[in-house]
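Notes to accompany the following structure.
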Amino acid sequence: MTENITSVGGGSRPDAGVSALKGRTGAGAPAETRGKTTIADGVVAKIAGMAAREVPGIHNLGAGMARAFGAMRERIPGGGGGSGVTQGVKVEVGERQAAVDLDVVVEYGVSIVDVAGDVRTNVISAVERMTGLEVVEVNIAVDDVHLPDEEEESEPGEGRVR
Numbered sequence: 003m004t005e006n007i008t009s010v011g012g013g014s015r016p017d018a019g020v021s022a023l024k025g026r027t028g029a030g031a032p033a034e035t036r037g038k039t040t041i042a043d044g045v046v047a048k049i050a051g052m053a054a055r056e057v058p059g060i061h062n063l064g065a066g067m068a069r070a071f072g073a074m075r076e077r078i079p080g081g082g083g084g085s086g087v088t089q090g091v092k093v094e095v096g097e098r099q100a101a102v103d104l105d106v107v108v109e110y111g112v113s114i115v116d117v118a119g120d121v122r123t124n125v126i127s128a129v130e131r132m133t134g135l136e137v138v139e140v141n142i143a144v145d146d147v148h149l150p151d152e153e154e155e156s157e158p159g160e161g162r163v164r
């Protein structure tokens with residue numbers, strides 16, 4: 003059985019400033035420390051996208067062009083309709099930390115500052131709870147305001163001419 007020590011910075015060693023966190027190995031080591039778990043960027047992006055959409059006052063995620071292309075992609079059979087969850091979400095995932103960038107559209111009449119705070123809280127909570135990663139930042143860009151009288155993109159077959 004081996005036990006490794008964490009060392010961060012200091013000293014005159016060539017590896018100074020490098021963090022070497024390793025768990026115990028061998029038969030006596032706890033099961034949760036045996037092996038390595040990696041979490042893909044797409045997983046974190048999906049969690050962040052779902053958590054952002056749960057917040058009241060968020061109409062949609064993604065900038066205008068991204069939403070337009072997403073709507074077209076969903077109409078194509080096999081066009082990857084599942085990517086809508088990550089639309090407007092960008093993430094950077096390290097070994098222990100994650101950063102999230104969101105492009106959002108808010109509902110008219112809501113406090114953008116309050117909604118942004120609620121989104122940050124919900125995204126950080128969901129990502130940290132589900133992945134164990136520390137979320138170091140959640141950057142939010144409000145790209146549009148959805149007005150009550152704006153129509154959603156019309157469904158196929160609802161055009162004026164038949």
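Here the working numbering is used: position 22 in the sequence shown is 24, and no number is missing along the way. Ideal Cβ positions, reconstructed from N, Cα and C, are used throughout, including at glycine. Bear in mind the structure is a predicted one, so any value in this text is a computation, not a measurement.
If you count every other CB in all the chains shown that lies within 10 Å of the CB of residue i, and 16 or more means buried, which is it?
| i | result |
| --- | --- |
| G90 | buried |
| L135 | buried |
| T88 | buried |
| L23 | Note on L23: pLDDT 43, under 50, position unreliable in the model; no value is reported. |
| S14 | Because the pLDDT at S14 is just 43, under 50, the model does not fix this residue reliably, and the value given afterwards should be weighed accordingly. Flag for S14 reads exposed. |
Output yes or no for whether 8 Å exceeds the beta carbon distance between residue i and residue j.
| i | j | result |
| --- | --- | --- |
| A100 | V121 | no |
| L104 | A54 | yes |
| V117 | V45 | no |
| V93 | V125 | no |
Hey, residue i and residue j are a contact pair by Cβ (cut 8 Å); roughly how many whole angstroms apart?
| i | j | result |
| --- | --- | --- |
| V115 | G59 | Not quite, the Cβ-Cβ distance comes to about 11 Å (not below 8 Å), so this is no contact. |
| V106 | D151 | Not a contact, Cβ separation roughly 20 Å. |
Three-pair Cβ contact test at 8 Å for the segment 40 to 54 versus the segment 127 to 140: yes
The segment 58 to 66 / the segment 26 to 37 touching (three or more Cβ pairs under 8 Å): no
Contained beta strand (DSSP E) runs [length at least 3] in the segment 81 to 138, N- to C-terminal order: 91 to 95 and 99 to 109
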